[in-house]
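Count along the sequence shown from 1, then add 1; that gives the number in the numbering used here. First the structure, in the form of structure tokens, and then the observations on it.
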Amino acid sequence: MGEGATDVGSASRAIFDAACAVIPGGVNSATRAVGAPWAFTRAEGARMWDADGREYLDYHAAFGAILLGHCDPRVDEPVRETIGRIDLTGYGVTELEVEYGRLVCESIASVDTSLATNTGTEATLQAVRLARAITGRRYVVKFQGNFHGWHDAVARNVISPPERAYKLDPLSAGILPDAFAATLIAEYNDVGSVQALFDEYPEQIAAVIFEAIPHNVGALLPTREFSDGLRELTRREGALLICDEVITGFRHGLGGYQAVLELEPDLTTFGKGIANGYPVAGIGGRRELMERFSSAGGDVVVAGTFNGHAVGMAAAVATMTHLRDHGDDFYPRVHALGARMREGLQRIADELGIAATAAGFGSVFCLYFMDGPIRGYRDLMRNDDAAYVAFHRRMTERGILMLPLSLKRNHVSDAHTEEDVDRTLEVAEEVLRELAEEGVLA
Ligand code: PMP
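Now the structure itself:
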């Protein structure tokens, strides 16, 4: 099959067509129909099935939210038990919320207290707002290629116009120009670029927000010099350091990637893997900062009808409890699977003489279609996006599901096996060889 339309089955097509009549573009979130308009009907463990009954080995993992595996009974059983007992009270607090809060605070060293939200976007929105309230300052600094959700305060991505080819900038039409102007962009792994902004906007920057690992462009690993430098600089300049661990939190370790970096941010945002696919996210940090959110005397308002919903809390408590009690098995196992995948992909590319770089950390892997070294976002401009699109399409057609977007990452879960990884590598070798022979790859 060429690189034209992907072969989507007739049942998927029919459901997608019906979706288009009632949902703009047929999907409820951006990028879900990139590549092809599938309709899925079942998900279990490391696999999903589409409406035509085709089986896929899933590394998309719902953008990384699936950490233990789809419909994992270790999470779903406590959720089922909860559903019959309590749902949403809308008043006061539940014991489940206390248990959830306790587990979050025990897991992440820099978090004394935390608040539950439903999405990572709400968490980063609250983090930026809190930083502005605490400092009384206007600007927020974020980094090229980092993504923190879709609200106005973080809807900017690139420093200079030519780089806009890669991403929409601003992220969406309708973004308030004032919010866009109040978001400053620096270069990841370059503390000097942040210092330059502090010099340009003295005592006007409320916070620096960064992805612990920018998995939204695959896997640019932060250098220690960078993370230590951000800590020192923000402290010196009186700004807050917000570590966004929405992808890395709980996935890369119970304490997040900040534990690997031995970093103590002021605020941390987390989500996705914390509840193995249920809609839970949160913000946490030092007690005295978080007190500004307190409904007893604080002045930064947090409101949300569904915050702390019993279903999400039960899922998060079950997931975190499992990671706490079985982390000694879980983390080495999924990290080894990730390493097996990265090493295998790199070996295949090298043997075929393809300019490709396998990157990642722990259970996360990606394949860039370019040579290294890759230190910053600007290096990624050299990536061959068309090659990734062709690779992705042919992998999907052979039943291996990855993120459809070039420069994104993929994930193994506890449900994947060595056999799954080895089969994936066999298919990848077949696809890469085919693309090399057809001259699609450099
Ligand atoms: N931060 C990061 C690092 C993310 O990757 C995402 C989502 N991909 C978000 C925040 C926003 O989370 P959500 O989609 O749950 O709103």
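Note that the Cβ used here is the ideal one computed from N, Cα and C, for glycine as well.
Between the CA atoms of residue j and residue i - distance to the nearest angstrom
i: A19; j: D53; result: 15 Å
i: E439; j: L433; result: 10 Å
i: L177; j: V141; result: 15 Å
i: H310; j: E289; result: 26 Å
i: A315; j: G102; result: 12 Å
i: S295; j: T184; result: 27 Å
i: A387; j: R55; result: 26 Å
i: T235; j: D8; result: 51 Å
i: T269; j: G150; result: 14 Å
i: L264; j: R237; result: 16 Å
i: P171; j: F181; result: 7 Å
i: M321; j: G121; result: 17 Å
i: G3; j: D330; result: Interpretation of G3 is limited by its pLDDT of 44, a score under 50 that renders its predicted location unreliable; no figure is taken from the coordinates.
i: A132; j: R75; result: 37 Å
i: F199; j: L221; result: 24 Å
i: S13; j: A31; result: 18 Å
i: T118; j: D415; result: 25 Å
i: V413; j: D59; result: 8 Å
i: P38; j: G27; result: 8 Å
i: A360; j: G299; result: 43 Å
Per DSSP, the bridge partner or partners of residue i
i: G283; result: A117 and F271
i: A187; result: F144
i: T358; result: Y369
i: W50; result: R43 and E56
i: I401; result: L58
i: L241; result: A208
Distance cut-off 7 Å: residue i Cβ against heavy atoms of ligand 1
i: H310; result: no
i: T125; result: yes
i: H149; result: yes
i: A282; result: yes
i: N277; result: no
i: N411; result: no
i: E212; result: yes
i: D245; result: yes
i: T235; result: no
i: F41; result: no
i: G121; result: yes
i: N217; result: yes
i: G256; result: no
i: F64; result: yes
Which of helix, strand or coil DSSP assigns to residue i
i: N411; result: strand
i: L1; result: Because residue 1 is not part of the residues shown, which for the chain are 2 to 443, the question remains open.
i: A207; result: strand
i: D73; result: coil
i: I135; result: helix
i: L126; result: helix
i: E246; result: strand
i: L177; result: coil
i: L381; result: helix
i: L89; result: coil
i: L97; result: helix
i: E289; result: helix
i: T235; result: helix
Neighbour-count burial assignment, residue i, 16 or more Cβ in a 10 Å radius
i: E352; result: exposed
i: I84; result: exposed
i: A319; result: buried
i: M382; result: exposed
i: L89; result: exposed
i: E188; result: buried
i: A443; result: exposed
i: G274; result: buried
i: Y92; result: exposed
i: F307; result: exposed
i: E96; result: exposed
i: I16; result: buried
i: I284; result: buried
C-beta neighbour in chain C for residue i, strict 8 Å
i: D329; result: This model lacks chain C altogether, as it is built from one protein chain only.
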